[in-house]
Amino acid sequence: MTEQGSSQAGNNLDPWYHHYADRAAGLRASEVRALFAVASRPEVVSLAGGMPYVAALPQNLVIDAMERVMRERGAAALQYGSGQGIPLLREQILDVMALEGIRANADDVVVTTGSQHALELVSKLFLDPGDVVLSEGPSYVTALVIFKSYQAEVEHVPMDENGLIPEALREHIARLKSAGKRIKFLYTIPSFHNPAGVTLSWERRLEVLEIARQNDILVLEDNPYGLLYFDRPAPDAMRSVEEDGVVYLGTFSKTLAPGFRVGWALAPHAIREKLVLANEAAVLSPSSFTQSVISEYLSTADWKGQINTFRDVYRERKNALVGALEEYLPELTWTNPNGGFYVWVTLPDELDSKAMLPRAVTELVAYTPGTAFFANGDGRRNMRLSFCYPTPDQIRLGVRRLATVIRDELDL
Ligand code: PMP
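Using UniProt numbering, the letters of the sequence shown map in sequence onto residues 1 to 412.
Here is the structure:
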């Protein structure tokens, strides 16, 4: 057994412990997960999860689409389908992406089981043990889990209020290359970042693409939140200016509902062919049924109006969160996102967000500690607060409770 395999500490009760592949070593439940089970009790205000507020989607829209699908093409919807996804849906996905400046061919779209699965497939295609993935620091926690499961090393590049810092990216690449490391791709969430809440400026998008091009590094652009802006749209997608060096990931999870589990990858031809084969190997075909329902919904419902409804809901909740932070916790600093689901909070130096979480849960409020979003243990002084699911009143209550916990910890 390798070092990594033997590092599955605490699993001695598992009779299969010595049999797992090395790549399973990273698949460990965190201590935080156990706390989140407690935090799902109704009396706890959870600012921890990233669940979209699906109640803002009228159920009739889905019921109508489902009924028409079953009446008009039920046999196809219940059958296996193409490993690449339904052709009509792939065309419709082009209309969604066009809202962020992307022009593409439906042949280059691969429908996946949520964009999470696209992340998994791209990682499977590119990552060998010891390869390096560059990502923002912090980054999306479940992407980090995938990279780790392919035994890649994650190198975090810092951000500021305008997203990833190009100069830092250059330095990291130079250092890694001189150390003989193989960098496989840059994983980036340029718009309304999870968890940081910031957006990469247009100038920086161009600069980051140029750096990637110069260094022969693929860009994996993950964009689940781009259409959920509050005041002004995010800059166009990076894929809108660079076709060959970008794999773009999209999803219906936030603009419609995550229960469908339908997302997609838009990839250069060669990569797209491999993605389709990998998709077939993993799931044969993405769900014909949910793809058909989404396709029908896009054909018949006011899907852009529905996105506006979501934007209104999340704008109000973001304002409630930031307003409550200003009122109850003015000594902290936080990002003020113009879209998406998350605010990234920085605590005073003496506080540790992970150590404080049990206290917070006792006070009936939950958040995600910053360390979850780093592969290297950073983030102790940070927490992610999600405003997507609780109501504005619950959000205010949650921040008030959080303020009590923080004041106590600081002995104020
Ligand atoms: N990427 C990011 C940045 C996310 O926040 C999420 C969901 N929280 C995903 C990918 C995966 O979303 P889905 O699989 O539902 O499309």
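Glycine included, C-beta positions come from ideal geometry on N, C-alpha and C. This structure is a prediction, so every number in the text was calculated from the model and none was measured.
Below 8 Å on the Cβ atoms is my contact criterion, and I expect residue i with residue j to pass it. Report the Cβ-Cβ distance as a whole number of Å.
i             : j                 : result
threonine 290 : valine 262        : 5 Å
alanine 237   : asparagine 223    : 6 Å
leucine 227   : histidine 172     : About 30 Å; that fails the 8 Å criterion.
serine 353    : arginine 381      : 7 Å
proline 195   : arginine 384      : 4 Å
leucine 220   : phenylalanine 260 : About 22 Å; that fails the 8 Å criterion.
glutamate 243 : leucine 209       : That belief does not hold up - the Cβ atoms of glutamate 243 and leucine 209 are roughly 11 Å apart, past 8 Å.
tyrosine 389  : methionine 97     : No, tyrosine 389 and methionine 97 are not in contact; Cβ-Cβ is about 26 Å, not under 8 Å.
serine 201    : proline 158       : Incorrect: roughly 15 Å between the Cβ atoms, too far for contact.
threonine 335 : glycine 197       : 4 Å
methionine 70 : alanine 77        : 7 Å
arginine 23   : serine 149        : 5 Å
glycine 26    : valine 145        : 6 Å
alanine 267   : leucine 275       : 6 Å
Quick one: Cα of residue i to Cα of residue j, how far?
i              : j                 : result
threonine 368  : serine 191        : 20 Å
serine 6       : lysine 124        : For serine 6, the predicted structure reports a pLDDT of 43, less than 50, and the residue's modelled location is therefore unreliable. A value from the coordinates is still provided. Serine 6 and lysine 124: Cα-Cα distance of roughly 23 Å.
proline 166    : glutamate 207     : 7 Å
glutamine 4    : phenylalanine 374 : Any reading at glutamine 4 is ruled out, since the residue's pLDDT is 42, under 50, leaving its predicted position unreliable.
arginine 407   : valine 141        : 28 Å
glutamate 280  : glycine 83        : 5 Å
threonine 2    : tyrosine 20       : Model confidence at threonine 2 stands at a pLDDT of 40, short of 50, so the residue's coordinates are unreliable; what they give is reported in the following sentence. Roughly 11 Å separates the two Cα atoms.
leucine 410    : alanine 34        : 26 Å
leucine 249    : leucine 412       : 45 Å
tyrosine 297   : threonine 391     : 27 Å
serine 295     : leucine 218       : 30 Å
valine 293     : proline 58        : 14 Å
arginine 232   : glycine 323       : 20 Å
glutamine 8    : arginine 28       : For glutamine 8, the predicted model reports a pLDDT of 46, less than 50, meaning its position is unreliable; a value from the coordinates is still stated below. Rounded to the nearest angstrom, the two C-alpha atoms are 8 Å apart.
threonine 112  : arginine 90       : 11 Å
threonine 188  : leucine 119       : 12 Å
glycine 163    : tyrosine 229      : 16 Å
valine 313     : lysine 181        : 45 Å
isoleucine 271 : alanine 104       : 15 Å
leucine 256    : isoleucine 307    : 8 Å
Whose C-alpha, out of the options, is nearest the C-alpha of residue i?
i              : options                        : result
alanine 56     : Val241, Asp128, Gly305, Gly379 : Gly305
glycine 49     : Asp411, Arg401, Ile395         : Ile395
arginine 317   : Gly340, Ile307, Asp302, Glu331 : Gly340
methionine 356 : Ala21, Leu27, Val32            : Val32
residue 452    : Val69, Glu273, Ala25, Asp216   : The structure shown has nothing for residue 452, since the chain only spans 1 to 412.
alanine 168    : Glu155, Gly398, Ala179, Ser178 : Glu155
tyrosine 53    : Leu88, Arg401, Asp352, Lys254  : Lys254
valine 38      : Gly163, Val365, Val293         : Val365
asparagine 376 : His193, Glu136, Gly101         : Glu136
leucine 284    : Pro129, Val110, Ala257         : Val110
proline 348    : Pro358, Leu329, Thr362         : Leu329
leucine 127    : Ile183, Thr113, Asn105, Asp108 : Ile183
glutamate 161  : Arg359, Thr333, Arg401, Arg400 : Thr333
residue 441    : Glu363, Pro337, Ala174, Leu88  : It is not possible to answer for residue 441, since the shown part of the chain is limited to 1 through 412.
glutamate 326  : Gln79, Leu13, Arg23, Leu402    : Leu402
glutamine 116  : Pro286, Ala372, Asp14          : Pro286
tryptophan 264 : Glu153, Tyr150, Pro87          : Pro87
arginine 205   : Asp216, Ser240, Lys181         : Ser240
threonine 199  : Trp344, His18, Arg400, Arg41   : Trp344
proline 42     : Ile102, Gly398, Ile93          : Gly398
proline 358    : Pro268, Ile271, Val405, Ala372 : Val405
leucine 99     : Asp393, Tyr225, Ser386         : Tyr225
valine 246     : His18, Asp108, Ser30           : Asp108
proline 258    : Ser46, Phe36, Val62            : Val62
Just curious, the alpha helix (DSSP H) that residue i is in, first and last residue?
i            : result
valine 69    : 59-77
tyrosine 314 : 303-328
arginine 400 : 392-409
alanine 21   : Careful: alanine 21 lies outside any alpha helix (DSSP H) and carries neither H nor E.
valine 293   : 288-300
proline 358  : 353-362
At what residues does the beta strand (DSSP E) containing residue i begin and finish?
i              : result
valine 343     : 342-346
tryptophan 385 : Looking at the sequence itself, residue 385 is leucine, so the reference to tryptophan does not match. That run of the beta strand (DSSP E) goes 382-386.
Check whether the Cβ of residue i lies closer than 7 Å to any heavy atom of ligand 3, and answer yes or no.
i            : result
tyrosine 367 : Questions concerning ligand 3 fall outside what the structure shown contains, since the ligands it does hold are ligand 1.
Let me know the beta strand (DSSP E) ranges lying completely inside the stretch 144-183, each 3 residues or longer, listed in chain order.
153-160
Restricting to runs no shorter than 3 residues, where is the beta strand (DSSP E) found entirely within the stretch 87-145?
109-112, 132-137
Scan the stretch 186-270 and note each continuous beta strand (DSSP E) run of 3 residues or more that stays entirely inside, going in chain order.
218-222, 246-251, 263-266
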